[in-house]
Each structure stands twice: as structure tokens, then as C-alpha cells.
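Enquirer:
In my numbering, the protein residues as written are 346 to 503.
#1: Check the DSSP bridge columns for residue 397 and list the partner residues they point to.
#2: Is it true that the CB of residue 473 sits closer than 9 Å to the CB of residue 420?
#3: Does DSSP classify residue 481 as helix, strand or coil?
#4: Identify the continuous alpha helix (DSSP H) that holds residue 355 and give its terminal residues.
#5: Measuring only the C-alpha atoms, how far is residue 391 from residue 494?
#6: Just how far apart, CA to CA, sit residue 355 and residue 442?
#7: Going by DSSP, what residues sit across from residue 442 in a beta bridge?
#8: Going straight from the alpha carbon of residue 449 to that of residue 458, what length do you get?
The following block contains the structure:
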């Protein structure tokens, strides 16, 4: 297989996947242009957490908690770090895996991240990356009441 064929076939699979995500979640604008990973993270967050996603992208948040209206910014990555720029009310960071699995990296007030990394030049002004390991450790200090609530498991009817 030539490189050109591999690229063409790979892109065809990606675009087929994008179309499938659009069909399943028409309220989200799923695109390949630098947004695909974030879009997938937002879809997962909307399904598994008690948040309502905004129908159009907002500058500093992606949705809000249904119970109390707190604003939530969702970030997702396949890498070993997550990005942070502005300080959202709540920050939900997810690590995604190629097989479809995901794990929660950080769930809590964005201010905790801003305070923890206050020494970093540009914090709150420019897009910075922070190691997943450090964000996980910081997330362990967050009280349950300060987290984005998970949805209750649905009861299956057979």
C-alpha cells in the first residue's frame, strides 16, 4: 500500500466516523478541523455527566450542570496532557483511548488548576498544557459537591 493510498483510506474512515457522530449527536458540530477530539469529549461528557451542552460553542465553557447551572468546560485528549487557558467555573478533563475507552482526569473547579499552576507564565491568558498525572492527583482533592455530577446509571428493561 502506498502512502497516498494509506492517507486516502485513513481519511475516508475518519470522515465516515465523523458522519456517524453527527448523525447520532446532531446538536454537536463535529468537525475534523482541530475540533474532533474536543467534540468527541463533549459528546462523552454530555452522555455520562449531568450537564447540558451548549448548542453553539462558547468561549470559556461547553455547557452547564443541570442541577445548579454551574458552567462547565470540557477538555479531552489522546495525549498525556490537557490544555487550560481561561479559568472556568468547572473543568472536566477526559483522556480518550483509540478503542473508545476514556477516563476522567480532572473534575472540579477550574480555580484549583489556576491556583496550582499559578507559577506558570501565561496562566489564564494563553493556552497551556498540564500533565495528566498532576491533574489526576489534584482532582483527588476535590470534594464530591464541587464536581460535575455523573448521571445515575439507567435501568435496563429486558
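Note that beta-carbon positions come from the ideal geometry of N, C-alpha and C, so glycine has one too.
Expert: Put simply:
#1: Along the chain shown, one-based indexing puts residue 397 at 52. Looking at the DSSP assignment, residue 397 forms a beta bridge with 409.
#2: On the chain shown, residue 420 is found 75 positions in, with the first residue counted as 1. On the chain shown, residue 473 is found 128 positions in, with the first residue counted as 1. No; because the gap between Cβ atoms is not below 9 Å, this pair is not in contact.
#3: On the chain shown, position 136 is the one that residue 481 refers to. Helix.
#4: As a working mapping, residue 355 is identified with position 10 in the chain shown. Its alpha helix (DSSP H) spans residues 348 to 369.
#5: Counted from its first residue, the chain shown places residue 391 at position 46. Counted from its first residue, the chain shown places residue 494 at position 149. Answer to the nearest angstrom: the Cα atoms are 11 Å apart.
#6: Taking the chain shown and counting its residues from 1, the one referred to as residue 355 is at position 10. Taking the chain shown and counting its residues from 1, the one referred to as residue 442 is at position 97. Near 17 Å, if we compare the C-alpha coordinates of residue 442 and residue 355.
#7: Sequence index remark: in the chain shown, residue 442 carries index 97 (1-based). Paired residues: none, contrary to the question.
#8: Indexing the chain shown from 1 puts residue 449 at position 104. Indexing the chain shown from 1 puts residue 458 at position 113. Rounded to the nearest angstrom, the two C-alpha atoms are 15 Å apart.
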